[in-house]
Structures are given as structure tokens and as C-alpha cells.
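Below is one structure, written out as C-alpha cells, with a few remarks after it.
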Amino acid sequence: MPVIKILPHPEYAPEGTEISAPAGTSICEALLENGVNIEHACDMSCACTTCHVIVRKGYDSLNEAEEEEEDLLDRAWGLEPQSRLSCQAILAQDDVTVEIPKYTINHARES
Numbered sequence: 354m355p356v357i358k359i360l361p362h363p364e365y366a367p368e369g370t371e372i373s374a375p376a377g378t379s380i381c382e383a384l385l386e387n388g389v390n391i392e393h394a395c396d397m398s399c400a401c402t403t404c405h406v407i408v409r410k411g412y413d414s415l416n417e418a419e420e421e422e423e424d425l426l427d428r429a430w431g432l433e434p435q436s437r438l439s440c441q442a443i444l445a446q447d448d449v450t451v452e453i454p455k456y457t458i459n460h461a462r463e464s
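First residue of the sequence shown: 354, per this note's numbering; consecutive thereafter.
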């Protein structure tokens, strides 16, 4: 079972954490099922960017991003080449390390 290492985030994982999830699970589902309450405003339907994560390790083991996800990512705050929508990033057998950006597009608009 792959391990997801979550780097420290002030709100979702202040000390960082590691969780296990079965292959075939989205990163978002795995986080939510393990008490990391990442924002997911569209209820994991690939319609927003609030569950944006940056995959620091294991990016190539995930399923390939589809065009719809790539189009949405263009609007994500803090976009990087290894960015994914966690609701669309499906775990394979390899461990991954993710960083949850400090802000989402919702936070940027509230400021």
C-alpha cells in the first residue's frame, strides 16, 4: 500500500504526516479519509482548484493528468510543473510526497 507523505502545512498538517492508502485511490480521498481535511469545494468533481497539491516525490507514478485537469490547473494559485488536483491524482504502487500550497484560489480572493 503506497504511503503519502504530507509536508507541514499550517492548517491541514502542522507537523506534516504520513498516511497509507490503497492504489487506485485519489490523493484527495486518501487525505480526507485520514483526517487531513484539504479543501475540495467542488466535491471532487474536477470543477475547481481548491484541492491543488504539488507532488514533490512520486509524480511520475500517478495517472496522467487529463486536459480538463490541466486547464483548471492554469488557474491554481502557486502552480508548479508538478502540480496536480488531488481529486484527479490517482495513486499507483509508489509512495508520494505532497505539499499543500499555503493558499487556494478561494483564499487569494478573500484577502
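Yeah, the Cβ is synthetic: ideal placement off N, Cα and C, and Gly gets one too.
Check your understanding: Asp447 by DSSP, collapsed to three states: which one?
Key -> Coil at Asp447, not helix or strand.
Point to revise | 8 Å Cβ cutoff met for Cys381 and Cys404 | key: yes
**Study point:** Cβ-Cβ distance between Glu368 and Ile357 below 8 Å
**Key:** no
Review point. Can you name the residues that DSSP bridges to Ile372?
Key: Ile357
Exercise for review: Return the chain-ordered ranges of every beta strand (DSSP E) run that is complete within the region 422-447 and spans a minimum of 3 residues.
Suggested key: 436-438
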